[in-house]
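Number of protein chains: 2
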Amino acid sequence: MPDVRIPASPVLTDTEAAALDAHWRAANYLAVGQIYLMANPLLTEPLRPEHIKPRLLGHWGTSPGLNLVHTHLNRAIRDRDLDALCVWGPGHGGPAVLANSWLEGTYSETYPDVTRDADGMARLFKQFSFPGGVPSHVAPEVPGSIHEGGELGYSLTHAYGAALDNPRLLVACVIGDGEAETGPLAASWHSNKFLDPVRDGAVLPILHLNGYKIGNPTVLSRLPEDELDDLLRGYGHEPLHVTGDEPLAVHQAMAAALDTALDRIDTFQRQAREGRSPERPRWPVLVLRTPKGWTGPAVVDGLPVENTWRSHQVPLTQVRDNPEHLRQLEQWLRSYRPEELFDPTGRPTAQVLSCLPEGEHRLGATPHANGGLLLRDLPIPPLEEHAVPVDKRGNALHEPTRVLGGLLAGIMRDTARRRDFRVVGPDETASNRLDALYEVTAKAWQGEYLDTDENLARDGRVMEVLSEHLCQGWLEGYLLTGRHGLFSSYEAFAHIVDSMVNQHIKWLRTARRLPWRRPIASLNYLLTSHVWRQDHNGFSHQDPGFVDHVLNKSPEVVRVYLPPDANTLLATADHALRSRDLVNVIVAGKQPSFDWLTLDEARAHCARGAGVWQWAGTEEAVDGDDGPDVVLACAGDVPTLEVLAAAELLRHHLPELAVRVVNVVDMARLMPHGEHPHGMTDFEYDALFTPDKPVVFAYHGYPWLIHRLIYRRAGHAQTHVRGYKEEGTTTTPFDMVVRNDLDRYRLVMDVIDRVPGLGVRAVALRQAMADVRTRHHAWIREHGTDLPEVADWTWTG
Amino acid sequence: MPDVRIPASPVLTDTEAAALDAHWRAANYLAVGQIYLMANPLLTEPLRPEHIKPRLLGHWGTSPGLNLVHTHLNRAIRDRDLDALCVWGPGHGGPAVLANSWLEGTYSETYPDVTRDADGMARLFKQFSFPGGVPSHVAPEVPGSIHEGGELGYSLTHAYGAALDNPRLLVACVIGDGEAETGPLAASWHSNKFLDPVRDGAVLPILHLNGYKIGNPTVLSRLPEDELDDLLRGYGHEPLHVTGDEPLAVHQAMAAALDTALDRIDTFQRQAREGRSPERPRWPVLVLRTPKGWTGPAVVDGLPVENTWRSHQVPLTQVRDNPEHLRQLEQWLRSYRPEELFDPTGRPTAQVLSCLPEGEHRLGATPHANGGLLLRDLPIPPLEEHAVPVDKRGNALHEPTRVLGGLLAGIMRDTARRRDFRVVGPDETASNRLDALYEVTAKAWQGEYLDTDENLARDGRVMEVLSEHLCQGWLEGYLLTGRHGLFSSYEAFAHIVDSMVNQHIKWLRTARRLPWRRPIASLNYLLTSHVWRQDHNGFSHQDPGFVDHVLNKSPEVVRVYLPPDANTLLATADHALRSRDLVNVIVAGKQPSFDWLTLDEARAHCARGAGVWQWAGTEEAVDGDDGPDVVLACAGDVPTLEVLAAAELLRHHLPELAVRVVNVVDMARLMPHGEHPHGMTDFEYDALFTPDKPVVFAYHGYPWLIHRLIYRRAGHAQTHVRGYKEEGTTTTPFDMVVRNDLDRYRLVMDVIDRVPGLGVRAVALRQAMADVRTRHHAWIREHGTDLPEVADWTWTG
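Same order as they appear, the protein sequences are chains W and Z. When the letters of the first sequence are read in order and numbered with our numbering, they come out as residues 117 to 913. When the letters of the second sequence are read in order and numbered with our numbering, they come out as residues 117 to 913.
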């Protein structure tokens with residue numbers, strides 16, 4: 117380690133420095149205690165094997181650094197009366213964040229059985245990473261956290277999401293040098309090009325270079341310092357370095373650096389808010405270089421541990437069986453001088469507590485980290501203002517997402533003062549036809565402006581960046597701190613955030629079980645430019661599997677909607693935007709498509725989630741009582757179009773066949789009642805699909821998803837599903853459905869193949885259908901367009 | 117646009133500059149022609165609406181920049197006799213890369229019907245983005261490409277993968293400023309910390325700042341230039357700028373910059389290879405700033421188009437219907453002076469062709485872009501050298517991935533001179549127990565070295581970086597250029613690359629249908645630290661859904677294996693490493709687990725993919741002929757353990773019950789024979805699972821995956837699947853299976869619940885099983901460990 121760069125004159129008095137050091141030692145002691153001890157928490161007797169947990173789990177390496185940051189943030193918050201939140205990127209250092217929460221009292225306030233005394237300390241220790249206890253990572257259970265300490269990469273984008281529209285909030289963000297190697301984190305630095313110093317809060321990144329990952333040095337820690345500084349300046353930041361391994365010197369340097377950083381942030385914000393600075397500030401970044409596993413065992417079994425990757429998890433692993441390890445652990449714990457830090461009842465001493473802020477200023481108590489406390493209902497305009505009129509079904513065309521754009525613009529307008537609604541997306545808001553938003557707001561942009569620019573503004577509340585990771589992370593941070601939003605994306609590219617949505621769903625699933633965590637607004641996806649409409653892009657842009665991905669996760673948190681037209685999209689979005697603690701995935705087209713339902717019908721249909729479209733079938737005409745001969749089911753806009761066209765063909769050519777058309781909007785309705793809160797009972801399901809009649813189901817995505825949802829239903833064996841089966845290229849929309857056997861003609865053939873006893877007219881019709889498909893192939897190769905009878909088709913009922 | 121920085125003295129003679137400009141104009145002409153024309157390719161007559169395609173699709177905006185780069189790479193390759201490959205990050209600019217391929221003749225050599233004359237030009241134009249034609253993006257169909265032009269973010273990591281172990285290869289990589297905003301790209305810059313100037317080739321990034329994405333300015337294009345330079349220097353590069361919109365000046369600047377860059381690369385490599393430079397070089401990066409849609413229509417319908425986002429796709433959209441658009445298109449096309457570029461028969465003139473390299477030096481003809489041409493079989497040591505002895509089943513414990521590590525080390529040893537095998541992973545190779553590799557190689561590392569470092573070397577062939585995106589991209593680039601490799605990852609985090617593997621699978625699926633593309637080595641995943649073993653990490657690290665994700669994709673490309681022990685893992689890996697053109701996902705544990713099969717048995721079992729483990733069941737003992745009363749099926753190491761323990765309980769307590777144990781290694785065996793090449797026929801399936809007996813299936817992942825694979829099988833309705841259902845926390849392995857109802861006791865209860873007529877002893881056994889589960893819950897809360905009878909269990913047969 118190079119020497120600490122001691123500031124010109126110490127910023128801390130000896131008393132202050134001693135108090136900060138005491139707090140830091142206390143936190144370190146508590147972190148080690150959590151990893152190792154199940155008894156004797158205050159070391160009131162010599163350490164014995166039976167005091168040690170049988171399974172040693174947890175991550176020590178990052179903990180002393182996190183404890184240092186927390187200690188110094190406490191001081192700064194207290195001195196400056198800050199509203200602050202901290203995102204702990206190395207959230208696997210759960211012992212550190214838990215230790216600090218216990219020290220500041222928020223842990224005991226949240227979990228009254230874990231008192232701030234010896235008994236509570238014993239519980240704090242034992243519960244850690246213990247079956248039935250608390251996870252070893254920072255998780256929803258940890259007061260003050262909005263960030264799961266699992267998969268790395270998302271701390272900085274979460275921090276920015278939290279800071280947006282929170283002008284008084286400071287969001288500190290500790291970024292480990294391991295995490296800094298991930299793509300999402302590397303991209304997140306540029307979030308500062310989207311942060312308005314006037315209307316948003318500040319983000320203070322603290323890059324913690326402790327040098328090692330699980331088994332390797334880190335890239336950034338081994339850069340020459342000038343190269344690292346170039347990098348951080350290139351990211352738009354001015355670096356402030358704190359380097360060292362001598363605690364008191366590091367305390368002075370850290371306090372000085374933090375003061376400098378906060379002063380600069382204050383200056384930048386004041387200048388911007390007084391209109392004196394049109395430039396994007398060069399925000400500070402702290403670079404904290406301290407040893408991995410600092411203050412832990414230097415050498416174990418002859419190998420260096422402190423300041424190497426060997427301190428990543430549990431530095432001493434054989435404590436129960438190896439007396440030398442046990443001795444080293446006791447020495448390590450006693451090196452913090454616990455008797456100076458805790459009184460005989462286990463309460464932290466006044467010195468330890470002297471640097472702590474109070475009330476909601478404590479990092480574990482900020483309401484921003486329990487966003488539901490701050491959440492207000494969204495003002496959603498009456499849908500009537502945006503619905504499309506449907507005088508005649510299947511004749512007028514609208515772009516569903518454009519209609520939705522009007523509604524979103526209304527919400528954006530009505531939140532102009534509250535500023536608690538944002539729309540994020542990777543450069544596609546206009547492409548996705550949501551550009552009505554630009555009538556009331558703009559795209560956030562803090563970069564250079566040119567005369568030709570349109571719809572950019574420093575205070576815009578549409579966020580566009582060509583990174584789905586940033587969009588997702590910003591929105592998660594925004595929602596978790598009590599606001600609302602929508603993520604619009606091309607359907608195929610939603611997979612980019614598969615892993616992020618996993619973690620958010622897991623967060624919500626756990627948070628819902630914690631009574632003190634208040635419900636937050638749902639994470640709403642609008643997936644468009646979907647698999648069936650990739651004329652410009654082709655095969656590489658075709659993937660409807662995001663739905664499959666989320667439907668693997670906890671049912672209580674996940675909803676998937678496939679509204680078939682503009683008005684159903686409105687009704688669905690309205691529902692999603694009002695919901696709480698969910699992930700709602702809405703798949704809808706942006707291309708002109710037919711209107712099927714009036715707003716009232718759409719509302720009723722969406723409320724049911726799935727229902728018979730009587731007007732589209734022939735059940736009544738053929739026989740009112742016997743039920744259908746066949747069910748044509750559909751989910752998704754393109755499958756609905758093809759099913760309706762198929763239903764029309766059947767009505768014309770086989771009028772004696774009783775066809776029922778069922779449309780499904782809410783995919784979870786198909787699931788068993790016991791497995792999803794929206795699942796239909798078998799009685800409901802059979803009433804809709806019949807228990808025994810053939811069902812030809814045209815589905816938007818991979819067909820086997822339907823099978824996995826309905827395999828327990830009585831009618832499953834009779835259900836034949838058509839969907840996307842990875843066939844595609846750059847071609848017309850109709851050619852796409854033909855290539856995947858989802859087209860109207862194929863569906864008619866499917867019906868004929870499945871309904872017994874149809875007779876000779878059906879045989880002829882089947883052949884005619886096959887002939888049209890053959891004709892299609894020849895026509896499209898020649899003309900590059902669809903058959904006129906397809907291109908000009910409208911519903912004639 | 118600021119002025120071009122003209123070099124001190126022009127590097128190109130007037131003749132050279134004119135020739136490059138002619139080639140560039142020709143490529144631009146051909147790019148526009150592909151987007152618009154279906155007839156009159158040489159403009160031999162005035163342009164009429166019927167010459168225009170009915171659907172105008174494609175991306176113009178990036179094309180002139182790509183054409184410029186290709187033109188200048190041609191010159192440099194020819195002048196310097198380079199082996200070069202180019203990765204086209206803005207691969208949506210398909211028209212540009214296709215145009216260049218046609219000009220250099222590789223397109224006609226690959227597709228003889230598209231001749232390099234007027235007829236061929238007409239075909240080139242019409243086929244583009246036309247049904248039955250070619251995709252609008254750079255795709256496998258494009259000669260010289262290894263990079264799909266679909267989802268953005270992966271160009272630079274692909275480029276590095278291609279350069280590894282190819283010391284004579286120059287890999288140019290065009291990075292669009294849109295793509296540069298993505299996380300994976302942002303992280304990819306640091307790949308230079310892993311590139312050995314001695315044994316690897318060079319990567320020359322060309323950052324193309326044309327200023328706009330689909331609808332927005334780009335972040336990097338709006339940075340102050342000093343900030344951008346800081347960023348690129350921070351990435352370890354020395355920037356060389358080429359800026360302008362006046363073609364001849366840009367040609368001079370581009371030629372000068374490219375010469376400078378290539379000279380520097382040459383110097384760095386020479387110094388390193390002569391042992392004169394232990395430092396990581398500061399590799400050059402070209403920053404090319406030219407207008408988006410350069411040379412296209414400046415203004416359309418009164419709005420600026422060139423040099424704005426409006427030129428992203430099709431600048432003139434109404435050409436068939438709007439005479440002014442038609443006039444502008446003709447003017448635009450004629451602005452390239454096609455009569456100077458093509459002779460009357462449509463062949464490019466000598467001037468246009470004068471800058472082209474020859475033979476395999478042409479970018480479209482490099483064998484590195486058709487890696488199968490260069491691929492050699494991997495030397496895989498005899499498995500006998502690494503297999504574990506199994507004298508008694510289920511008694512000895514091995515860490516399966518550690519056993520695999522020995523095999524991988526053998527391969528690594530035997531490829532030491534060939535250098536065509538790499539293992540990539542995010543900082544987890546040792547954690548995943550593959551550290552035998554370090555006996556024969558090391559981790560690639562070009563950063564600073566410290567005394568405490570272990571297993572790092574400049575020429576190491578294990579690649580570790582805390583970015584799954586980089587691991588995946590490096591490996592894809594490596595495989596696509598004809599080498600072999602394996603990606604080891606924690607199971608849950610494989611989802612990080614969901615979207616990347618989609619694109620790779622789509623690439624393979626398409627490439628397999630192109631006879632000229634030779635098979636490449638498969639992309640092999642080892643997923644470990646799996647869902648059932650997350651003691652250190654807990655809920656956030658639990659997700660077995662990567663398998664579900666890949667099984668949605670084209671069956672001919674995808675294989676999923678769940679070897680239940682060390683020897684089956686060896687046999688599976690051996691098979692995967694020999695395979696071609698596949699994505700193999702192998703899920704296997706790293707924790708000590710029981711050995712079940714000898715190597716010979718493992719080979720036979722893996723060859724079958726699924727089979728009866730007769731020694732584990734009681735079928736023979738009870739009755740040799742009648743078949744089983746119940747089938748206990750399992751897939752995955754932990755489910756196999758629980759099934760065997762359940763089978764043992766049944767054997768002891770209900771010896772009269774005929775139990776069959778079936779283990780599935782190859783998940784595709786479950787799929788219908790017609791849907792996957794490995795799928796069992798119904799006859800085979802029924803012989804294994806019975807058509808009518810209860811099946812209790814313990815599966816590693818989400819249980820509904822099994823249902824979606826087997827829903828057409830006769831026995832499906834009788835099949836009850838247990839698996840992971842999103843229940844978990846930091847706890848013991850056995851508690852995990854209990855929480856998810858996959859434990860041995862629950863499986864016994866499931867059997868009792870499903871087999872009719874078992875009688876009173878079964879009722880008692882069921883109660884006893886429930887009692888053990890209750891006892892487990894109490895015990896673990898108290899002790900933090902598993903019940904002794906579980907912890908000490910071994911198979912007694």
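No residue lacks a Cβ here, since even glycine has one placed at the ideal position from N, Cα and C.
Using a cut-off of 7 Å between C-beta atoms, extract the partners of residue i located in chain Z.
i, result
"W:Gly900", "Lys169, Pro170, Arg171, Phe246, Pro247"
"W:Ile330", "Asp543, Glu544, Ser547"
Consider the Cβ of residue i: report whether some Cβ of chain W lies at a distance smaller than 9 Å.
i, result
"Z:Arg338", "yes"
"Z:Phe384", "no"
"Z:Ala134", "no"
"Z:Ile122", "Because the pLDDT of Z:Ile122 is 42, which lies under 50, any placement of that residue in the model is unreliable, and the number read from its coordinates should be weighed accordingly. Not one chain W Cβ lies under 9 Å of Z:Ile122."
"Z:Val647", "no"
"Z:Trp820", "yes"
"Z:Asp424", "The amino acid at residue 424 of chain Z is misidentified as Asp; the sequence shows Thr. For Z:Thr424, the answer is yes, since a Cβ of chain W falls inside 9 Å of its Cβ."
"Z:Ile896", "yes"
"Z:Lys309", "yes"
"Z:Asn326", "no"
For chain Z, find out if any of its Cβ atoms is closer than 9 Å to the Cβ of residue i; answer yes or no.
i, result
"W:Ile291", "no"
"W:Asp119", "For W:Asp119, the predicted structure reports a pLDDT of 37, less than 50, and the residue's modelled location is therefore unreliable. A value from the coordinates is still provided. Closer than 9 Å: no."
"W:Arg549", "no"
"W:Asn183", "no"
"W:His794", "no"
"W:Ala614", "Note that residue 614 of chain W corresponds to Asp in the displayed sequence, not to Ala. Chain Z contact via Cβ: present."
"W:Tyr152", "no"
"W:Phe805", "no"
"W:His611", "yes"
Under 7 Å between beta-carbons, which chain W residues line up against residue i? List them in chain order, please.
i, result
"Z:Ala303", "Glu297, Thr298, Gly299, Ala302"
"Z:Asn668", "Gly661, Asp664, Tyr818"
In the DSSP assignment, what are the bridge partners of residue i?
i, result
"Z:Glu791", "None; Z:Glu791 has no bridge partner."
Quick one: which chain Z residues come within Cβ less than 8 Å of residue i?
i, result
"W:Lys559", "Asn332"
Sorry if obvious, but does the Cβ on residue i come closer than 8 Å to a heavy atom of the ligand GTP?
i, result
"W:Arg824", "This structure lacks the ligand GTP; in fact it carries no ligand of any kind."
Note down, in chain order, every chain W residue with its Cβ under 8 Å from the Cβ of residue i.
i, result
"Z:His823", "His823, Arg824, Tyr827"
So residue i packs on residue j, CB below 8 Å; how close in whole Å?
i, j, result
"W:His441", "W:Gln434", "5 Å"
Proximal residues, the stretch 340-369 of chain W versus chain Z, C-beta separation under 9 Å: Pro340, Asp342, Glu343, Leu344, Asp345, Asp346, Leu347, Leu348, Arg349, Gly350, Tyr351, Gly352
Output, in sequence order along the chain, the residues in the stretch 259-277 of chain W whose CB is closer than 8 Å to any CB in chain Z. Glu264, Gly265, Gly266, Glu267, Leu268, Gly269
Give me the subset of the stretch 839-863 of chain Z whose CB atoms are less than 8 Å from a CB atom of chain W, sorted by chain position. Glu842, Thr845, Thr846, Thr847, Thr848, Asp851
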